[in-house]
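Chains Z and F are the protein sequences, given in the same order. Numbering-wise, the first sequence is residues 1 to 120 according to this note's numbering. Numbering-wise, the second sequence is residues 1001 to 1194 according to this note's numbering. Beta carbons: idealized from backbone N, C-alpha and C, even for Gly. The structure presented is a predicted model; accordingly, all values stated were derived computationally and were not measured.
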Amino acid sequence: MTAPLEIDGAAAPPRSNGELLFAEPWQSRAFGMAVTLYESGAFAWPTFQAALVARIGAWERAHPDNCDYVYYDHWLGALQDVLAEQGAVSDAEVAERAAKLAERPAGHDHRPGSGHGHGH
Amino acid sequence: MTESIPASLRTEALEQLLTERGLVDPKVMDGFIANYETKVGPLNGAKVVARAWTDPEYKQRLLADAMPAIKEVAWGGGANGEHIVVVENTPTRHNVVVCTLCSCYPWPVLGLPPNWYKDPAYRARVVREPRKVLAEMGLELADDVEIVVHDSSSEVRWLVLPERPAGTESLSEEELVPLITRDALVGVAKVAAP
Chain Z
1 MTAPLEIDGA
11 AAPPRSNGEL
21 LFAEPWQSRA
31 FGMAVTLYES
41 GAFAWPTFQA
51 ALVARIGAWE
61 RAHPDNCDYV
71 YYDHWLGALQ
81 DVLAEQGAVS
91 DAEVAERAAK
101 LAERPAGHDH
111 RPGSGHGHGH
Chain F
1001 MTESIPASLR
1011 TEALEQLLTE
1021 RGLVDPKVMD
1031 GFIANYETKV
1041 GPLNGAKVVA
1051 RAWTDPEYKQ
1061 RLLADAMPAI
1071 KEVAWGGGAN
1081 GEHIVVVENT
1091 PTRHNVVVCT
1101 LCSCYPWPVL
1111 GLPPNWYKDP
1121 AYRARVVREP
1131 RKVLAEMGLE
1141 LADDVEIVVH
1151 DSSSEVRWLV
1161 LPERPAGTES
1171 LSEEELVPLI
1181 TRDALVGVAK
1191 VAAP
């Protein structure tokens, strides 16, 4: 349980909530994609929410100790589920593109733990 | 089936595919992200509460039908604001909000939820042992105070109207706003006098 943090510390990168909204850059992109698609009418919010509930529930049943819970992993998974269900983007297409991106030279690889080292 | 691929790569791949297909414009997306990072936040909820504390007629309307009353004062727009209900704390009744299934939260008045709100431990425990969880978060409630836990869903999102603290009678609506914290609007804290 995290203690409430200072809301208006002077030191701060953007903090609308008293804490950073996104732990890593990809999380803000995953968030932004879902919101942008919703705003453009690609899906109703409850559709996405139901997919998110399903993802979180499945993870919690498989991990009763709640270790290594990363909320935006489930957000991203839910978004992929909705888009696959709609026929907009399949998991296979995502996997194929991700494999291509992974082949970039090290300096262009943004994977955690390599290249620029966003991880750790 | 793509879980073995790092989330950062999957995200980048998905954004490229959506952009190429004309489904997402990255510049538009940047705008939405910036909006939630810098503009839509608990200040909206604080303004609503300060109005309710200083205008009894407004408070009645807010409790009876929150959506139009909130929109009069502050509204962030967008998702997660379909139906908001306001519940009032009293000396004998304390309301606290959770989303047991995911992370439902009234974005237009509070912005995005803090990490503890999305955490499996909070979501499971505040329902089972609210008094203990609140005490761990720094809010000790007397045994005779009834605690009501509201489970948010895609149908209803809850906003707590905290008690106005003693000693703030002379403060104006504008002076009250900065006292009202995000945590008080979720029900895991009280508002303190300055």
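- In the assembly as shown, F/V1126 is a buried residue. Its beta-carbon has 16 or more other beta-carbons within 10 Å.
- For the region 1002 to 1074 of chain F, the full-length alpha helix (DSSP H) segments reaching 4 residues or more read 1007 to 1020, 1026 to 1034, 1043 to 1054, 1056 to 1064 and 1066 to 1073 along the chain.
- Per the coordinates, the alpha-carbon of Z/A54 lies some 8 Å from the alpha-carbon of Z/A78.
- Contacts with chain F at 9 Å (Cβ-Cβ) include Z/P25.
- DSSP places Z/I56 within a helical segment (H, G or I) once states are collapsed to three.
- Membership of F/E1175 in the alpha helix (DSSP H) is indicated by the continuous run E1173 to L1176.
- Chain order gives no chain Z residues near F/Y1105, where near means a beta carbon separation below 7 Å; the closest approach is about 10 Å.
- Contact check for Z/A106 against F/I1005 fails: the beta carbons are separated by 9 Å or more.
- Contact between the region 1168 to 1178 of chain F and the region 1121 to 1138 of chain F is absent, with fewer than three C-beta pairs closer than 8 Å.
- Closer than 9 Å to the CB of F/I1070 there is not a single CB belonging to chain Z.
- In the DSSP annotation of this structure, the continuous segment of the alpha helix (DSSP H) that includes Z/H74 starts and ends at Y71 to Q86.
- Here Z/V35 is buried, its C-beta having at least 16 other C-beta atoms within 10 Å.
- Beta-carbon to beta-carbon, F/G1045 and F/L1110 are separated by about 5 Å, close enough to satisfy the 8 Å threshold.
- In summary, F/P1091 is exposed, with fewer than 16 beta-carbon neighbours lying within 10 Å of its beta-carbon over all protein chains present.
- Listed along chain F is no residue with a C-beta nearer than 7 Å to that of Z/R61; the closest approach is about 11 Å.
- About 5 Å separates the Cβ atoms of F/R1164 and F/W1053, confirming a contact at the 8 Å cut-off.
- Against chain F, a Cβ distance below 9 Å from Z/E39 picks out V1028, F1032, G1078 and A1079.
- Listed by position along chain Z, the residues whose Cβ is nearer than 7 Å to that of F/A1013 are V94, R97, A98 and L101.
- Judged by DSSP secondary structure, F/R1128 falls within the alpha helix (DSSP H) whose first and last residues are P1120 to R1128.
- Within the model, the alpha-carbon separation for F/T1038 versus Z/A50 is close to 27 Å.
- At least one CB of chain Z lies nearer than 9 Å to the CB of F/T1002.
- Per DSSP, reduced to three states, the secondary structure at F/D1151 is strand.
- Between the region 1144 to 1163 of chain F and the region 1007 to 1014 of chain F, the count of C-beta pairs closer than 8 Å stays below three; the two stretches do not touch.
- Within the same chain, and ignoring the five residues on either side of F/V1073 in sequence, the residues whose Cβ sits closer than 7 Å to its Cβ are K1047, V1048 and R1051.
- By the rule that beta-carbons nearer than 9 Å mark a contact, Z/E85 does not touch chain F.
- Taking 9 Å as the cut-off, the Cβ atoms of F/Y1117 and F/V1186 count as close.
- Take F/S1154, set aside five residues on each side of it, and the residues of its chain with a beta-carbon closer than 8 Å to its own are E1082 and C1104, in chain order.
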